[in-house]
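Novice: Residue numbers (this note's numbering): 5 to 437.
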């Protein structure tokens with residue numbers, strides 16, 4: 005199990021170095037540049053060569069990497085894996101300082117996505133994100149990434165003595181109960197612009213040069229390999245950085261084939277994908293068309309290429325929960341370390357049909373790995389993915405798959421060591437086609 009553990013450990017490292025979607029993209033850029041990929045700027049003309057390795061970014065939070073195939077693109081098309089870089093969390097509001105009782109300083113936040121709120125209580129938290137800085141070019145502020153890489157915040161629970169029914173369930177108010185405690189106010193304390201001054205100190209810039217920021221909370225502690233036999237990965241952001249990690253590593257190792265291999269890492273899936281860097285935008289469609297046009301092909305060639313393409317929408321999947329088995333379909337119960345999960349929904353919350361499902365099943369068989377299937381209970385409405393959203397932009401055959409996991413959207417999620425390796429093996433096989 006050495007290879008599986010090594011790959012799981014590299015996932016923990018990647019997640020720890022990627023506290024926000026901005027840092028995830030920055031981590032991906034460093035990996036790709038080190039492996040010989042060339043960055044393409046969207047504002048510049050693209051010159052690409054067959055067999056070449058390239059990537060481009062959007063909003064510092066989304067990335068598309070590709071290896072150009074040796075064949076004619078209208079005939080061999082694209083082999084695309086799609087995932088997303090964002091995770092549920094708390095975003096810091098403007099003017100966030102809130103003083104309670106002339107003693108406590110809290111930061112005002114709003115919820116991003118759909119986190120399991122109570123898992124964020126009593127955890128060491130930190131702050132990371134993107135800071136926009138004054139620039140002589142007004143249309144293009146300077147951008148710096150920020151990671152206050154130490155525990156600086158906590159959202160304290162209330163004692164059971166003051167809430168005796170807490171174990172019967174409690175609804176947390178997002179404005180009242182989930183604001184993080186930052187500091188104790190002293191006589192020397194400067195209440196105004198407290199956070200901006202900290203940011204300026206961290207980035208070694210003047211506070212007045214900071215125009216705005218996109219800052220989020222994250223769990224400070226690194227994830228772990230756990231279980232009596234090291235079977236499990238326990239960390240935040242498995243949804244969906246696990247799929248990003250597996251996909252980008254497969255692309256890096258992929259051989260040059262006739263088709264063009266693509267890894268698309270979208271942002272904002274957790275809030276509906278309806279942003280310029282989300283799957284509901286024309287971002288990926290535009291990038292694929294530019295790849296075609298850069299080879300002196302025309303729009304008809306682009307349309308033909310789409311018809312010869314395939315997308316694997318890769319997002320995490322629900323495994324059978326040992327304490328809540330009644331929440332699962334009676335005949336489709338994927339388990340941890342049982343292999344990748346093919347996600348199916350009659351109402352197309354997932355894009356899988358018998359055609360695309362058969363493709364992925366054959367990929368898994370060719371790779372020599374197990375696979376499983378997930379369908380929601382008929383009386384339970386499940387979530388969705390970038391798959392159906394991407395299909396509204398690109399009419400490409402598509403399947404939804406993912407690694408089985410427990411605790412989705414908790415601050416600490418759980419998946420299998422073997423499953424993460426199996427996922428990569430399936431991606432490896434896909435890029436070989």
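Every residue, glycine too, gets a C-beta built ideally from N, C-alpha and C.
(1) For residue 361, does the three-state DSSP call read helix, strand or coil?
(2) Three-state secondary structure (DSSP) at residue 71?
(3) What residues in its chain sit with their C-beta under 8 Å from that of residue 429, if we drop five residues either side in the sequence?
(4) Taking all protein chains shown into account, decide if residue 457 is buried (16 or more other Cβ within 10 angstroms of its Cβ) or exposed.
(5) For the segment 66-79 and the segment 5-18, state whether three or more C-beta atom pairs, one from each stretch, are separated by less than 8 Å.
(6) Helix, strand or coil: which one does DSSP assign to residue 203?
(7) Would you tell me roughly how many angstroms separate the C-alpha atoms of residue 361 and residue 375, rounded to the nearest one?
(8) Between which residues of its own chain and residue 346 is the CB-CB distance below 8 Å, once the five residues before and five after are set aside?
(9) Should residue 328 go down as buried or exposed, given a rule of 16 or more other Cβ atoms within 10 Å for buried?
(10) Pull up the distance between the alpha-carbon of residue 288 and that of residue 410, whole angstroms please.
(11) Give the DSSP-derived three-state secondary structure of residue 238 in the structure shown.
(12) When you compare each of 213, 159, 190 to residue 179 by their alpha carbons, which one comes out closest?
(13) In angstroms, rounded to a whole number, what distance separates the CA positions of residue 188 and residue 211?
(14) Buried or exposed for residue 296, going by 16 or more other Cβ atoms inside 10 Å?
(15) For the 8 Å Cβ check, are there 3 or more pairs between the segment 236-244 and the segment 163-178?
(16) What do you reckon, are the CB atoms on residue 317 and residue 254 nearer than 8 Å?
(17) If the criterion is Cβ atoms closer than 8 Å, does the pair residue 319 and residue 244 meet it?
(18) So residue 60 and residue 37 are supposed to be a Cβ contact under 8 Å. How far apart are they, rounded?
(19) Is DSSP giving residue 401 helix, strand or coil here?
(20) Can you list, in chain order, the residues of its chain with a C-beta nearer than 8 Å to that of residue 215? Leave out the 5 residues immediately preceding and following it.
(21) Look up residue 149 in the DSSP assignment and give the residues it is bridged to.
(22) On a CA-only basis, which of 82, 27, 17, 15 is nearest residue 401? Give me that one, please.
(23) Among all the DSSP beta bridges, which residues are the ones paired with residue 376?
(24) If you draw a straight line from the alpha carbon of residue 231 to that of residue 387, how long is it in whole angstroms?
Specialist: The answer reads as follows:
(1) helix
(2) strand
(3) 371, 372, 373
(4) The question about residue 457 has no answer, for the chain in this structure spans 5 to 437.
(5) no
(6) helix
(7) 11 Å
(8) 356, 361, 364, 365, 375, 376, 377, 378, 403, 404, 405
(9) exposed
(10) 30 Å
(11) strand
(12) 159
(13) 22 Å
(14) buried
(15) no
(16) no
(17) yes
(18) Not a contact, Cβ separation roughly 13 Å.
(19) strand
(20) 136, 137, 138, 145
(21) 134
(22) 82
(23) 345
(24) 28 Å
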